[in-house]
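Quick note: the sequence shown uses our numbering, first residue 3, plus one each step.
Everything below concerns the one structure shown next.
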Amino acid sequence: MDILILGGPRFLGRHLVSAAMARGHRVTLFNRGRTEPGLFPEVEKLRGDRAGDLSVLEGRAWDAAIDTSGFLPGNVRRSAETLGDRIGHYHFVSSISVHADFSKPGMDEEAPVARLTPEDGERVAAIDPSDPMKSPAFLELYGPLKAACEEVVRERFGERASISRPGLIVGPHDYMDRFPYW
3 MDILILGGPR
13 FLGRHLVSAA
23 MARGHRVTLF
33 NRGRTEPGLF
43 PEVEKLRGDR
53 AGDLSVLEGR
63 AWDAAIDTSG
73 FLPGNVRRSA
83 ETLGDRIGHY
93 HFVSSISVHA
103 DFSKPGMDEE
113 APVARLTPED
123 GERVAAIDPS
133 DPMKSPAFLE
143 LYGPLKAACE
153 EVVRERFGER
163 ASISRPGLIV
173 GPHDYMDRFP
183 YW
């Protein structure tokens with residue numbers, strides 16, 4: 003299977019590449035090449051930026067794509083439109099943070115999600131699309147932004163999409179220092 007991973011090998015991507023290669027899949031990484039560019043020399047690496055140049059994705063096809071780096075709906079929309087029907091299946095790694103209300107037990111995929119409000123528009127516009135994590139507004143709006151990204155994925159890929167909503171992802175190579183914290 004030909005798999006495109008949108009995002010780098012910093013943490014989650016590293017484990018996805020290793021698992022896919024162990025199963026004999028061909029992997030292509032699309033990212034900016036800023037983190038560990040020498041890791042996985044046998045893997046095809048396409049350089050680009052979801053907030054900028056996506057041209058290296060044009061004219062290419064993959065059986066599946068795994069999106070580990072979709073944080074802003076505009077960036078996810080641009081990537082989805084560029085890839086279009088040249089992706090067999092699109093998997094979006096979202097977050098449990100999309101849920102609107104954690105006070106109710108028994109939440110599942112049908113539980114209401116947080117939504118961006120018209121008042122959030124200015125704050126979202128101020129987030130640097132090339133490096134959203136450095137913005138305080140991004141951290142405050144993380145759940146609603148991921149929910150909006152999910153919506154883009156469903157609109158573009160329909161039945162060819164799946165979405166996972168993990169809680170904290172921790173383990174080896176976690177750069178957020180959550181593993182030692184817990």
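Backbone N, C-alpha and C fix where the C-beta goes; we use that ideal spot for every residue, glycine too.
Nothing here was measured: the structure is a model prediction, and the numbers come from that model.
Check                                                                                                                                                            : Outcome
Output needed for S164: all residues of its chain with C-beta closer than 8 Å, excluding positions within five of it in sequence on either side, in chain order. : H91, Y92, H93 and F94
With distance defined between alpha-carbon atoms, name the residue in M135, S166 and H27 nearest to A149.                                                        : S166
Can you tell which of L6, F140, D87 and R62 has its C-alpha closest to the C-alpha of R158?                                                                      : D87
Rounded to whole angstroms, how far is the Cβ of T37 from the Cβ of L6, which I believe are closer than 8 Å?                                                     : Not confirmed; about 18 Å, so no contact.
F42 to A67, Cα distance in whole Å?                                                                                                                              : 18 Å
So, does the stretch 123–139 touch the stretch 70–87, judging by three or more C-beta pairs under 8 Å?                                                           : yes
Between N33, A63 and E44, which lies nearest to L56 when the distance is taken from Cα to Cα?                                                                    : N33
Do V100 and G145 have their C-beta atoms within less than 8 Å of each other?                                                                                     : yes
Does DSSP put S164 in a helix, in a strand, or in coil?                                                                                                          : strand
Contact check, R52 vs G35 under 8 Å by CB: the rounded distance?                                                                                                 : About 13 Å separates the two Cβ atoms, so there is no contact after all.
Is the beta carbon of L8 sitting closer than 8 Å to the one on S81?                                                                                              : yes
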